[in-house]
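Below: one structure, written as structure tokens.
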């Protein structure tokens with residue numbers, strides 16, 4: 001009589017290999033990231049502050065205009081233009097580790113704020 005031996009089989013689970021990931025462009029910095037230069041942080045902060053003060057001024061002017069009988073399109077137009085100015089500034093802060101991108105984003109934030117001020121003053 002022949003005896004059959006059951007062959008032991010083991011299945012090794014091999015984890016999938018991950019490709020090296022490119023760092024995201026818009027992200028919060030990690031502890032491994034080198035800190036951005038103080039001049040860069042200061043420039044982004046000052047630019048954002050100037051745009052923020054302009055936005056607050058437009059908002060205060062808009063409140064006075066609304067109580068004075070502004071048309072229905074006035075507040076939504078100002079709000080949209082303000083958000084179009086705030087979004088690139090936020091993106092510039094998140095992309096501060098990039099070389100050129102924050103400066104382009106900050107430049108892109110100025111025209112909507114200028115339009116915002118012009119619309120506010122035109123009414």
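Numbering (full-length UniProt numbering), first residue to last: 1 to 123.
Note that beta-carbon positions come from the ideal geometry of N, C-alpha and C, so glycine has one too.
Judged by pairs of C-beta atoms under 8 angstroms, the segment 76–92 touches the segment 52–64, as three or more such pairs exist.
For the pair of segments examined, the segment 111–119 was found to touch the segment 74–81: the number of CB pairs separated by less than 8 angstroms reaches three. Residues 51, 85, 88, 89 of the same chain have their beta carbon placed closer than 7 angstroms to that of residue 109, with the five preceding and five following residues left out of the count. Short of 7 angstroms from the beta carbon of residue 36, and not among the five residues preceding or following it, lie these beta carbons of its own chain, in chain order: 96, 97.
Nearest in C-alpha terms to residue 44, of all of 59, 113, 105, 123, is 105.
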